[in-house]
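The structure appears below as structure tokens.
Numbering (this note's numbering), first residue to last: 1 to 405.
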């Protein structure tokens, strides 16, 4: 079991504290394994096994727990007579009807230190916000970033360029590391994950009848990774294929896709007006492996894939990420966290002076003093240009950002 240090460090200060730990993320991103890592931490601190209860709703062992009442009965029976601090872990809690009632009761009665996971953003946030305002903290688990990919592959930095080519193709689902690194095998695995999320987390939960339209929207998002997208544009694309799909329908489907973490929405931020814009956002697949699993090993826009990788890297480091707009120009990313803020442009290669001027020049009208950088796959370009830093994308992904900013 390879430790995911970023997330363990983030949740560590809240272990055995009076707050519910809500762990969310796309299916097969490693949430269940992360719970087991926390349990391992507790065992290393000599917490008795009897004081730890782990319920995995993906297992038939817990099939009898169908609603809040049966959940409550099971937990109270299991912890009856147990002394000392108790710890309760419930995996894929959205499979339990009205689960929030039991969780509210466990919290109120101080039954145990609570950890729950789910694969749907809206379900968790809306239910908890209603009953448990101010009593929970959400921790979002993403699929593997490149530094974690190297650990799972048991590779070192000297292998970084060859390994990055694999990562660029296969993405970051932890499950692929239990399989042969073969295009057909990996493609089948990712396609299986995709189908499970689509049918279980989106179609069934939202009672979608027209699955074909949903899949076309997913393909459109994948084909346009890194491009400005609108619901109207997607609707027009579907209509061009002689199908009917209203803009409102597209908006609903996109919401359900982002709720399941199959896609992330990056809002645009007006740098001059200092406000979030409500139109012309970008969408990024929840893992770049979806591009390979759905489209196969076909030529794709590598610039969009690189943007996707950098976007997910920033999210995994805890940043809030926007697309920047300044007059008629776009900044790929504005990353913020606490009092930190920096700007990023992502390019495939700075192949000539015209391309370099375009990527560096976008920052010329931004007059604040926050760090600005251009990332590309060039092996060497120079450390900076007019105060704007340049970094190789692979090196950036493996860096400690305190050394970069």
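All residues carry an ideal CB built from backbone N, CA and C; glycine is no exception.
8 angstroms Cβ cutoff met for residue i and residue j
| i | j | result |
| --- | --- | --- |
| residue 98 | residue 67 | yes |
| residue 79 | residue 53 | yes |
| residue 344 | residue 310 | yes |
| residue 247 | residue 260 | no |
| residue 228 | residue 366 | no |
| residue 119 | residue 209 | no |
| residue 268 | residue 325 | yes |
| residue 266 | residue 286 | no |
| residue 320 | residue 284 | no |
| residue 394 | residue 151 | no |
| residue 297 | residue 142 | no |
| residue 398 | residue 176 | no |
| residue 170 | residue 292 | yes |
| residue 253 | residue 214 | yes |
| residue 316 | residue 145 | yes |
| residue 89 | residue 39 | yes |
Best match in the options for proximity to residue i [C-alpha to C-alpha]
| i | options | result |
| --- | --- | --- |
| residue 95 | 65, 76, 109 | 65 |
| residue 193 | 290, 242, 183 | 290 |
| residue 75 | 114, 58, 320, 45 | 114 |
| residue 10 | 120, 73, 48, 139 | 139 |
| residue 205 | 337, 268, 121, 13 | 121 |
| residue 351 | 332, 377, 317 | 377 |
| residue 245 | 255, 256, 305, 232 | 232 |
| residue 109 | 181, 145, 72, 282 | 72 |
| residue 374 | 303, 337, 328 | 303 |
| residue 360 | 384, 16, 156 | 384 |
Buried versus exposed, by CB contacts within 10 Å (16 or more), residue i
| i | result |
| --- | --- |
| residue 368 | exposed |
| residue 331 | buried |
| residue 46 | exposed |
| residue 357 | exposed |
| residue 380 | exposed |
| residue 370 | exposed |
| residue 279 | exposed |
| residue 117 | buried |
Those residues which DSSP pairs with residue i across a bridge
| i | result |
| --- | --- |
| residue 334 | 322, 343 |
| residue 373 | 344, 389 |
| residue 22 | 116, 138 |
| residue 53 | 88 |
| residue 228 | 282 |
| residue 329 | 326 |
| residue 384 | 389 |
Proximity test, Cβ basis, 8 angstroms: residue i and chain D
| i | result |
| --- | --- |
| residue 211 | Checking the listed chains, one finds no chain D in this structure; it contains a single protein chain. |
List, from N- to C-terminal side, the beta strand (DSSP E) runs of 3 residues or more that fit wholly inside the region 64-120. Runs found: 87-91, 113-118.
If you scan the region 230-276 from start to end, which runs of the alpha helix (DSSP H) of 4 or more residues do you find wholly inside it? Those alpha helix (DSSP H) runs which fall completely within the region 230-276 and span 4+ residues are 231-239, 247-259.
Just list the alpha helix (DSSP H) runs in the region 274-319, keeping only unbroken ones of 4 residues or longer that don't cross its boundaries, in chain order. For the region 274-319, whole alpha helix (DSSP H) runs of length 4 or above, ordered along the chain, are 289-295, 302-316.
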